[in-house]
Amino acid sequence: MLVQKKPDLTYADVTPKALYMGRRNFLLGLLATTAVVAGWKKLPRMFAGPAKGSVPVPLTGLVSSKYTTTGEKVTPENDVTTYNNYYEFGTDKGDPSQNAKNFVTSPWTVSVEGECAKPRKYSMDEIMHLAPLEERIYRHRCVEAWSIVVPWIGYSLSTIINLAQPTSKAKYVAFESYYDPRQMPLGSQAGIQLPYVEGLRLDEAMNPLTLLCVGMYGETLPNQDGAPVRMVIPWKYGFKSIKSIVKIRFVKGEPPTTWNLYAPNEYGFYSNVNPHVDHPRWSQAKERRLGEFFRRDTLMFNGYGDYVASMYAGMDLRKNY
Amino acid sequence: MNAILTSKWTKAVVFALCLVPLGLLIWRAIQGDLTANPINFIEHRTGDWTLRFLVITLAVSPLRKILRLPQLIRFRRMLGLYAFFYGCLHFSSWFGLDLFFDLHDIGKEIAKRPFITVGFAAFVLMIPLAFTSTAASIRRLGGKRWAMLHRLIYVSAIGGVIHYYWLVKSDKHKPLEYGFLVVLLLAWRIGSWLIHRSRPAPAAATPPRRTTPESV
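Line order of the protein sequences matches chains B and Z. Residues 1 to 321 (the numbering used here) are what the first sequence spells out, left to right. Residues 1 to 216 (the numbering used here) are what the second sequence spells out, left to right.
Encoded structure:
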């Protein structure tokens with residue numbers, strides 16, 4: 001046991017009690033505050049009642065598609081619905097499946113506007129019936145170097161673009177997500193600017209692979225996967241495939257995109273899957289397919305080069321990452 | 001309180017409690033409940049606990065002064081070794097599971113990715129501390145030199161926080177929470193050092209101060 005007595009100190013050396021207690025209380029206060037703040041965040045989940053939000057319903061009359069990807073094992077649905085990046089509902093992968101339970105997606109309208117001859121608002125019911133619903137299996141590669149294979153449901157975005165008749169001024173398409181801080185209280189902590197915005201060059205948007213998606217695994221989309229309508233652009237990193245779309249706008253110039261606004265040196269406008277161009281903080285050469293132990297090589301354009309490579313002929317993809 | 005803190009059973013209980021995070025991880029693994037990306041989940045959990053044990057270890061000295069419970073020192077070595085233990089699990093889950101012992105990749109990743117460089121350095125700096133954690137090492141090095149060496153834990157803790165901060169994409173809340181705690185605990189040390197310095201005893205009467213590991 002250490003002897004604490006120090007006879008060389010006089011009473012004058014004693015720290016004034018108020019000062020001593022002050023520091024002590026201050027530190028204890030800080031520790032207590034930290035504990036309360038840490039616990040507070042878990043409270044809403046503990047007292048949540050039964051979910052009141054929209055739930056997936058089965059879709060019938062699906063047609064097969066020549067654009068579906070063959071030879072891939074589809075990822076278990078449970079993985080795709082519990083491992084999500086949807087920052088409006090929290091930044092942990094497991095957050096969206098918990099926090100999107102009360103998300104109400106009906107009624108829903110999508111406004112098609114901007115440089116086009118026939119701008120108009122579409123109800124969700126109209127969107128479900130603009131074209132036969134196709135099932136398309138696509139590889140989906142996240143910028144975080146994991147990937148999944150999903151049987152999406154929808155039709156080519158070109159369907160709705162053709163209806164809108166973009167003018168010659170329209171060079172790009174800008175997308176905007178729904179954002180309601182009351183339904184998405186965690187959005188303010190996401191660190192990124194919301195509502196989420198994305199964009200494509202018009203030729204990319206017209207590419208037949210570019211899917212306007214309303215369902216997956218035979219049902220309408222679950223909330224955490226972007227209900228009721230989202231984009232799926234299989235040759236680009238997942239964050240380009242914007243969720244819960246409320247606005248599609250034809251524009252003249254390259255539109256701002258959320259992750260590019262957040263970190264322009266890390267996330268480019270194009271963000272094509274490219275194993276040769278690393279993210280500044282991690283390698284993009286390999287990916288982990290959910291459910292597999294060994295990492296697999298990432299494919300150029302996520303394996304969809306035959307359909308899309310020609311759109312980027314002559315472009316320096318290292319510069320236009 | 002003293003009787004509880006000095007009981008040999010308390011040490012055993014704390015030892016067992018520190019294994020609970022690992023136990024929960026193993027339990028979830030048995031249940032097949034490691035999320036859709038188990039390797040990532042294991043990496044993140046073991047990383048979290050490395051940082052938590054670093055913070056807990058750094059909290060021992062301030063708490064024993066603030067709460068006037070010097071006996072807390074009995075647990076500091078064990079807590080520090082647990083920080084190293086979870087650090088080992090964290091590193092080996094990355095190297096063994098994520099990279100699957102790919103020696104080419106590990107060199108490249110450590111050299112090329114700043115967040116891995118700093119995390120790896122923070123881990124490596126813990127190794128000499130773990131190896132000199134015995135009473136014999138304190139005697140061999142001398143209390144003062146031993147204490148100097150073990151201040152490396154400050155560097156490891158700061159490095160661990162930076163590693164986490166640079167890893168996350170946009171939501172910096174959690175790394176900032178750890179950062180806040182580490183800064184608070186280091187500021188307390190600087191503060192008490194300054195207070196100590198500003199009240200020097202009369203020079204002639206000062207006997208040589210005994211430096212013990214406990215006074216760090």
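For glycine and all other residues, C-beta sits at the position ideal for the given N, C-alpha and C. Small disclaimer: the values here were computed from a predicted structure and weren't measured.
(request) At 4 residues or longer, and completely inside the stretch 51-124 of chain Z: list those alpha helix (DSSP H) runs for me, N to C. (result) For the stretch 51-124 of chain Z, whole alpha helix (DSSP H) runs of length 4 or above, ordered along the chain, are 76-92 and 103-112.
(request) Indicate whether the contact test is met: 3 or more Cβ pairs, each with one atom in the stretch 95-114 of chain B and one in the stretch 246-255 of chain B, closer than 8 Å. (result) They touch, by the three-pair rule.
(request) With a threshold of 16 other CB atoms inside 10 Å of the CB of leucine 51 of chain Z, please say whether the residue is buried or exposed. (result) Residue burial is scored here from C-beta neighbours: leucine 51 of chain Z has at least 16 other C-beta atoms within 10 angstroms and is therefore classed as buried.
(request) Consult DSSP for arginine 145 of chain Z and reduce its assignment to one of helix, strand or coil. (result) Secondary structure at arginine 145 of chain Z: helix, using DSSP grouped into helix, strand and coil.
(request) Taking tyrosine 83 of chain B as the query, report the chain Z residues whose CB atoms sit under 9 Å from its CB, ordered along the chain. (result) Listed along chain Z, the residues sitting closer than 9 Å to tyrosine 83 of chain B by beta-carbon distance are Thr35, Ala36 and Asn37.
(request) Pair every Cβ in the stretch 74-89 of chain Z with every Cβ in the stretch 16-25 of chain Z, then say whether three or more of these pairs are closer than 8 Å. (result) In short, these stretches touch, since the Cβ pair count reaches three.
(message) So, for serine 310 of chain B: in the same chain, excluding its five sequence neighbours on each side, which residues have a beta-carbon less than 7 Å away from its beta-carbon?
(response) Contacts found: none.
(request) Residues of the stretch 89-110 of chain B with a CB closer than 7 Å to any CB of chain Z: list them in chain order, please. (result) Result list: Thr91, Lys93 and Gly94.
(request) With 8 Å as the C-beta to C-beta threshold (strictly closer), list the residues of the stretch 298-311 of chain B near chain Z in chain order. (result) The stretch 298-311 of chain B vs chain Z, Cβ under 8 Å: nothing.
(message) Within 10 Å of its beta-carbon, does leucine 17 of chain Z have 16 or more other beta-carbons around it, so buried, or fewer, so exposed?
(response) Classification for leucine 17 of chain Z: exposed.
(message) Using DSSP's beta-bridge definition, name the partner residues of leucine 212 of chain B.
(response) Under the DSSP definition of a beta bridge, leucine 212 of chain B partners with B:Tyr155 and B:Met231.
(request) Please confirm if aspartate 48 of chain Z has its CB atom under 8 Å from at least one CB of chain B. (result) No Cβ of chain B is located within less than 8 Å of the beta carbon of aspartate 48 of chain Z.
(message) To the nearest angstrom, how far is the alpha carbon of leucine 99 of chain Z from that of methionine 231 of chain B?
(response) One C-alpha to the other measures close to 32 Å.
(request) Please confirm if the stretch 213-232 of chain B is in contact with the stretch 160-174 of chain B, defined as three or more CB-CB distances below 8 Å between the two stretches. (result) Contact check between the stretch 213-232 of chain B and the stretch 160-174 of chain B: fewer than three CB pairs, one atom from each, fall below 8 Å, which does not count as touching.
(message) Using beta carbons (cut-off 8 Å, strictly below), is tryptophan 146 of chain Z in contact with chain B?
(response) Interface annotation, tryptophan 146 of chain Z: not in contact with chain B, CB-CB separation never under 8 Å.
(message) Short of 8 Å in beta carbon distance, which residues of its chain neighbour serine 283 of chain B, apart from the five on each side in sequence? Order them along the chain.
(response) Apart from the 5 residues on each side of it in sequence, serine 283 of chain B sits with its Cβ closer than 8 Å to the Cβ of Ala145 in its chain, given in chain order.
(message) Please return the same chain residues whose Cβ sits closer than 8 Å to the Cβ of phenylalanine 15 of chain Z, not counting the five positions on each side in sequence.
(response) The answer, listed in chain order, is Met78.
(request) Could you have a look at aspartate 95 of chain B and say whether DSSP puts it in helix, strand or coil? (result) Aspartate 95 of chain B falls in the helix class under three-state DSSP.
(request) Pull up the distance between the alpha-carbon of tyrosine 270 of chain B and that of glycine 226 of chain B, whole angstroms please. (result) C-alpha separation (whole angstroms): 21 Å.
(message) Below 8 Å, how does it come out for the stretch 97-107 of chain B and the stretch 198-205 of chain B: are there three or more Cβ pairs, yes or no?
(response) Because the criterion of three Cβ pairs below 8 Å is not met, the stretch 97-107 of chain B and the stretch 198-205 of chain B do not touch.
(request) Check the Cβ of phenylalanine 100 of chain Z against every Cβ in chain B and list those closer than 9 Å, keeping chain order. (result) What phenylalanine 100 of chain Z touches in chain B: Phe293, Phe294 and Arg295.
(request) Check distances from the C-beta atoms of the stretch 184-203 of chain B to those of chain Z and list, in chain order, the residues that come in under 7 Å. (result) Result list: Gln189, Ala190, Gly191 and Ile192.
(request) State yes or no: is the C-beta of proline 255 of chain B within less than 8 Å of the C-beta of alanine 174 of chain B? (result) Yes, these two residues count as a Cβ contact at 8 Å.
(request) Indicate whether at least one CB of chain Z lies closer than 8 Å to the CB of tyrosine 262 of chain B. (result) Yes, contact with chain Z.
(message) Just list the residues that DSSP pairs alanine 170 of chain B with in beta bridges.
(response) Alanine 170 of chain B is not bridged to any residue.
(message) Under 8 Å, with one C-beta from each stretch per pair, do the stretch 141-149 of chain Z and the stretch 100-107 of chain Z reach the 3-pair mark?
(response) Contact fails: fewer than three Cβ-Cβ distances are below 8 Å.
(request) Return the Cβ separation of glutamate 287 of chain B and arginine 141 of chain B in integer angstroms, given the expectation that the two are a contact with Cβ distance under 8 Å. (result) Between arginine 141 of chain B and glutamate 287 of chain B the Cβ distance is about 6 Å, and since that is below 8 Å, they are a contact.
(message) Whole angstroms are fine: how far does the CA of leucine 194 of chain Z sit from the CA of methionine 1 of chain B?
(response) Reliability fails at methionine 1 of chain B, whose pLDDT of 49 lies under 50, so the model's placement of it is uncertain and no value is given.
(message) Less than 8 Å between CB atoms is the rule here; does arginine 288 of chain B satisfy it with respect to chain Z?
(response) At least one CB atom of chain Z sits nearer than 8 Å to the CB of arginine 288 of chain B.
(message) For alanine 51 of chain B, which residues in the same chain have their Cβ closer than 6 Å to its Cβ, ignoring the five residues on either side in sequence?
(response) Lys101 and Asn102.
(message) Quick check: the Cα distance between proline 185 of chain B and proline 96 of chain B, rounded to an integer number of angstroms?
(response) C-alpha separation (whole angstroms): 12 Å.
(message) Between leucine 211 of chain B and serine 156 of chain B, how many whole angstroms is the CB-CB distance? I'm expecting something under 8 Å.
(response) Your pair leucine 211 of chain B and serine 156 of chain B checks out as a contact, with CB atoms roughly 7 Å apart and the cut at 8 Å.
(message) With a threshold of 6 Å on Cβ separation, who are the neighbours of alanine 313 of chain B within its own chain once the five nearest residues in sequence on each side are excluded?
(response) Same-chain partners within the cutoff: there are none.
(request) Give a yes or no on whether the minimum CB-CB distance between tryptophan 152 of chain B and chain Z is below 8 Å. (result) So no, tryptophan 152 of chain B is outside the interface.
(request) Taking glycine 159 of chain Z as part of the alpha helix (DSSP H), name the residues at either end of that continuous run. (result) Counting along the chain, glycine 159 of chain Z sits inside the alpha helix (DSSP H) bounded by residues 152-167.
(message) Could you compute how far the alpha carbon of histidine 279 of chain B sits from the alpha carbon of arginine 318 of chain B?
(response) Going by the C-alpha atoms only, they are around 11 Å apart.
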